[in-house]
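Taking it in order: structure first as structure tokens, then the write-up.
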Amino acid sequence: MSKATFRIWRGNSDDAQFVDYDTEVSEGMVVLDAVHRIQAEQANDMAVRWNCKAGKCGSCSAEINGQPKLMCMTRLDTVPLDAPVTVEPMRAFPIIKDLVADVSWNFKVKERMKPFAPRPPDAEDGTWRMEQEDIDHVQEFRKCIECFLCQDVCHVLRDHKLHDEFIGPRFLVYAASLEMHPIDTENRLEELKNSDGIGYCNITKCCTKVCPEHITITDNAIIPLKERVVDEFYDPIKKLFRVFSR
Amino acid sequence: MSSYETHEYDVLIIGAGGAGLRAAIEAAVGDLKVGLVCKSLLGKAHTVMAEGGVAAALANVDERDSWRVHFADTMRGGQYLSNARMAELHAQESPDRVRELEAWGALFDRTQDGGILQRNFGGHQYPRLAHVGDRTGLEMIRALQDHGIHQGIEVHMENTVVSLLKTGDRISGAFGYEREKGRFKVFTAKAVVLATGGAGKAYKVTSNSWEYTGDGHALAYHAGAELIDMEFVQFHPTGMVWPPSVRGILVTEGVRGEGGILTNSEGTRFMFDDIPELYVNQTADNPEEGWRYTQGDREARRPPELLTRDHVARCIVREVQEGRGSPHGGVFLDIAWIKEKIPNAAEHIRRKLPSMYHQFRELANIDITAEPMEVGPTTHYIMGGIRVDPDSQMTAVPGLFAAGECAAGLHGANRLGGNSLSDLLVFGKRAGEYAAQFAMENGAVPIDESEIDTIAAHTLKPFENPQTDGNDNNTGPYDIQAQLQEKMQELVGIARSQESLTQAIEEIQNLREKAENVHAIGNREYNAGWHTALDLDCLLTASEAIALAALERKASIGAHSRDDFPEKEESGAGKYNTIIKKTDDGEMLVRREPIDELRADLQEIIDEMG
Ligand SMILES: Cc1cc2nc3c(=O)[nH]c(=O)nc-3n(C[C@H](O)[C@H](O)[C@H](O)COP(=O)(O)OP(=O)(O)OC[C@H]3O[C@@H](n4cnc5c(N)ncnc54)[C@H](O)[C@@H]3O)c2cc1C
Ligand code: SF4
Ligand code: SF4
Ligand code: FES
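These protein sequence lines are chains A and B, in that order. Numbering-wise, the first sequence is residues 36 to 281 according to this note's numbering. Numbering-wise, the second sequence is residues 26 to 635 according to this note's numbering.
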């Protein structure tokens, strides 16, 4: 056992600051374990979200030494312990308390997006036939655990605060999972171009880098969607072709 | 007078896992006003963590499968203590419930001809688990959530219910607090569905999160409902054992379904040494046949690694106790060995078990495509729970329904893997449907305001309790919780006895006194210590029920093992369920209730399946 210092953001939206806590650390521990130990021994009232402790639920998102990460998947042997480890809530959202950010905006964004709308079933028992290779990409998008780390790191939201105009990478992935779903019949391109603000994304790929599920957000979801938007609204020949083929 | 917000509903659903979401969707089909309350954010409930799959006799991979086989498998797995009507409904309806998810956007892995792919799992005779790699729960909860948010359901995220409200005999609503500011809320409702999940947090080594504090069990019990078969707690055979901070995290049975084998420190596949009577005919007697089974050979019988969970867990404990364990007190689970059998094994493993690969690489520095894992039993699931009517899911309290893990009846003495996700869908739907019907047929009842003041005062008590109890004992909530977990692990774990259980009940009483004086620091805003203090009530009630029922059942059957009663049946006692109920003077009372003879047509199915 050795000791390490954790510099944790404490307080609410009115009044908050970093507070240093020394605690015992041992082999195999992750940041969330240290936070829990501090909570149990020194700061009972500390607010922190978690559920699965295995990178499956996307609850424990935070910024560790400035990096957006899941606390439950960040092993202490991957962070330098000779200096205090800073742990703070996601900064692209308002703070509720301590490590808990107000992510409610994300849930509202999803609610206003057009839902899944399947074509009539292929078989009499109400089912559809789909080839595995046709759903591989959509399954990649559906791995999303809604940790919102990509939202946290995207400069359009974080720095420019364009939450009203841009839905952020998470919901572009969501849109892609619906648009590329082999049996979905809805068209979301108009919204993507206008209210969803896909044009704000300038493909910096910061979102892809932080995704704990390793979803290739930019290359596989955003760029193909951008291409579809371009085809739909700016390519007259394709557009004409679409009118005839309908 | 305490201050609170009031929200009025026709149907209130408590819990937003698979069961709660499915119930809410069903209740909202008409134009009823439906409210949904959950302790975490939407989509973070336990259901999201489920890995292996959802059991449904779709017969996509093996056409010999049918609801009849699924029914028989479930009954056998539950050692014939399950409620047969529930097992029947579950087996009949789960295929439709799974297909319906596809209409809501779920994308299961596919068969060659484009249907839903199914995999092998312990105790299921044919490949039956629809799945998405090893993240089936995520797919399921997301499909339900994304569909559910468009059904006009009002969601209260990060809200905890601390008490149900009754007016006379009938349920009239619930009282709770929201985490953010700690403000109180009263939910009025004509019908309430409990879908709060399990109670695994009562144990030290568990795959369950902070949410699993037996809330639904305790809420229902205090409201006058009965609990049934609470002694049956499932210890999943394969949890991580190393490093210490991840001890208990689940390793999906899917690893064994894909060909993973269990070995001891001597390199022996010890599961071949002990195959129970009930399963001899269905189990491979050599490794070669077992391997062929996992690869879809229809003539082969399943390897002993895929025997029911209670049995596999006990075998692992035996190996460890007899000195043949792995370095950190487990046994080895090896999937890497399949490279002897198939080309591109590493690639295959990563594709079939992506989250296991990820979990071990990130948390234990182990590459499961190259090295064996170390695993041991972890508290995983509670088969026992709130007693409900098999068709409607209503409890003994008019207007109070329950579904999912917090309800009981389907799984008997042991749950088969994959039968929980299907349970949530089948009985979640039924609970929603019948709760809606109840709400339509019965008018609203006014709530009893005086009751609310008492509950509110109790909820705030941890702030008023002094910091120490005078004896210099720490009365912090985490401390009490940890002590309870230690005791339950030690005394009410895989091996139990008269002595250990009697001691456990005493310890729980002591801890209850401590919990009465539990102290919370800080204020009401998002205060984890205060929340933990309030959860203690439920955790203690659930723990006491488990221990008391375990004391009552003087036999070793399914997940319940008594060192002092190794026989499966007590001499002279027929098959029975244990029932727990609160007496008028507030005592917890356990009694036995004989199990009715099976309906003739169901008995026939069981006889036929052997
Ligand atoms: C790691 C893991 C893997 C698993 N894998 C499988 C599998 O492959 N196949 C399978 O069939 N089963 C599996 N299971 C079991 C299965 O996932 C669970 O039994 C099931 O998801 C429980 O669903 P539920 O809807 O009953 O409860 P949950 O999904 O746990 O939801 C409970 C809900 O109730 C809420 N709640 C609880 N108390 C309160 C309160 N007081 N007030 C308000 N809300 C409250 C919670 O916030 C939550 O929203 C697994 C379980 C775990 C832990
Ligand atoms: S690639 Fe686009 S969405 Fe992703 S972080 Fe950059 S700007 Fe944001
Ligand atoms: S896309 Fe990745 S980073 Fe973004 S919310 Fe989903 S899992 Fe998190
Ligand atoms: S606790 Fe679930 S992702 Fe970290």
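Built from N, CA and C at the ideal position, the CB exists for glycine as well. All of these numbers come straight from a predicted model, not from anything done at the bench.
Item: Residue burial classification, His351 (chain B) (beta-carbon count within 10 angstroms, cutoff 16); Value: In the sequence under discussion, the amino acid at residue 351 (chain B) is Ser, which differs from the His named in the question. So Ser351 (chain B) ends up on the buried side.
Item: Straight-line Cα distance separating Asp240 (chain B) from Asp560 (chain B); Value: 7 angstroms
Item: Cβ-based burial, Asp49 (chain A) [other Cβ within 10 Å; buried from 16]; Value: exposed
Item: Ile571 (chain B), enclosing alpha helix (DSSP H) - first and last residue; Value: Ala553 to Glu577
Item: Near ligand 4: Ala136 (chain A) beta-carbon under 8 angstroms from a heavy atom; Value: no
Item: Closer than 9 angstroms to chain A by CB, Glu278 (chain B); Value: no
Item: As assigned by DSSP and simplified to three states, the class of Gln74 (chain A); Value: helix
Item: Cys185 (chain A) beta carbon near ligand 6 (any heavy atom closer than 8 angstroms); Value: Ligands present in the displayed structure are limited to ligand 1, ligand 2, ligand 3 and ligand 4, and ligand 6 is not among them.
Item: Interface partners of Ser568 (chain B) on chain A, CB under 7 angstroms; Value: Those within 7 angstroms of Ser568 (chain B) in chain A number zero; the least Cβ separation is about 19 angstroms.
Item: Per-residue DSSP class, three states only, for Arg45 (chain A); Value: strand
Item: Which residues DSSP lists as bridging Lys210 (chain B), in chain order; Value: B:Glu30 and B:Gly201
Item: Cβ-Cβ separation, Ile407 (chain B) to Ala224 (chain B) (assumed contact under 8 angstroms), whole Å; Value: 5 angstroms
Item: Pro28 (chain A), DSSP secondary structure in three states; Value: Because chain A spans 36 through 281 in this model, residue 28 (chain A) falls outside it and cannot be assessed.
Item: Residue closest to Val27 (chain B), alpha-carbon to alpha-carbon, out of B:Met513, B:Ile286, B:Gly457 and B:Phe200; Value: It is Ser, not Val, that sits at residue 27 (chain B) in the sequence shown. Closest by alpha carbon: B:Phe200.
Item: Proximal residues of chain B, C-beta to C-beta of Ala127 (chain A) below 9 angstroms; Value: In chain order: nothing, as chain B lies at least about 16 angstroms away.
Item: Neighbourhood of Lys210 (chain B) by C-beta distance below 8 angstroms, restricted to the same chain and skipping five residues each side; Value: Tyr29, Glu30, Thr31, His32, His181, Asn184, Phe200, Gly201, Tyr202 and Glu203
Item: For Leu61 (chain B), the first and last residue of its enclosing beta strand (DSSP E); Value: Val59 to Val62
Item: Proximity test, Cβ basis, 9 angstroms: Asn100 (chain A) and chain B; Value: no
Item: Contacts that Met165 (chain A) makes with chain B (C-beta to C-beta distance below 8 angstroms); Value: Leu132, Arg135 and Gly139
Item: The alpha helix (DSSP H) enclosing Lys145 (chain A), as first and last residue numbers; Value: Ser139 to Arg147
Item: For Arg281 (chain A), three-class secondary structure by DSSP; Value: With a pLDDT of 43 at Arg281 (chain A), under the threshold of 50, the modelled position of that residue is not reliable, and no figure is offered here.
Item: Per DSSP, cross-strand counterpart(s) of Met398 (chain B); Value: B:Leu358
Item: 9 angstroms Cβ cutoff, Trp235 (chain B) in contact with chain A; Value: yes
Item: Supposed contact pair Leu61 (chain B) and Ile178 (chain B) - C-beta distance, whole angstroms, cut 8 angstroms; Value: 5 angstroms
Item: Under 8 angstroms from the C-beta of Gly78 (chain B): neighbouring residues of chain A; Value: Those within 8 angstroms of Gly78 (chain B) in chain A number zero; the least Cβ separation is about 15 angstroms.
Item: Members of the stretch 250 to 276 of chain B near chain A, C-beta cut-off 8 angstroms; Value: Trp267, Pro268, Pro269, Ser270, Val271, Ile274 and Leu275
Item: For Gln259 (chain B) and Arg334 (chain B), believed in contact at Cβ under 8 angstroms, the rounded distance; Value: 6 angstroms
Item: Rounded separation between Ile341 (chain B) and Met296 (chain B) - CA only; Value: 9 angstroms
Item: Option nearest Asp194 (chain A) by Cα separation, candidates A:Ala127, A:Val66, A:Asp57 and A:Ala136; Value: A:Ala127
Item: Closer than 9 angstroms to chain B by CB, Pro103 (chain A); Value: no
Item: Chain B within 9 angstroms of Leu213 (chain A), Cβ atoms only; Value: yes
Item: Sequence-distant residues of its chain with Cβ nearer than 7 angstroms to Val451 (chain B) (five each side left out); Value: Leu114, His115, Glu118, Ser119 and Arg122
Item: Start and end residues, beta strand (DSSP E) containing Gly410 (chain B); Value: Gly410 to Arg412
Item: Leu197 (chain A) - DSSP class collapsed to helix/strand/coil; Value: coil
Item: Beta-bridge pairing of Asn602 (chain B) - partner residues as DSSP gives them; Value: B:Glu618
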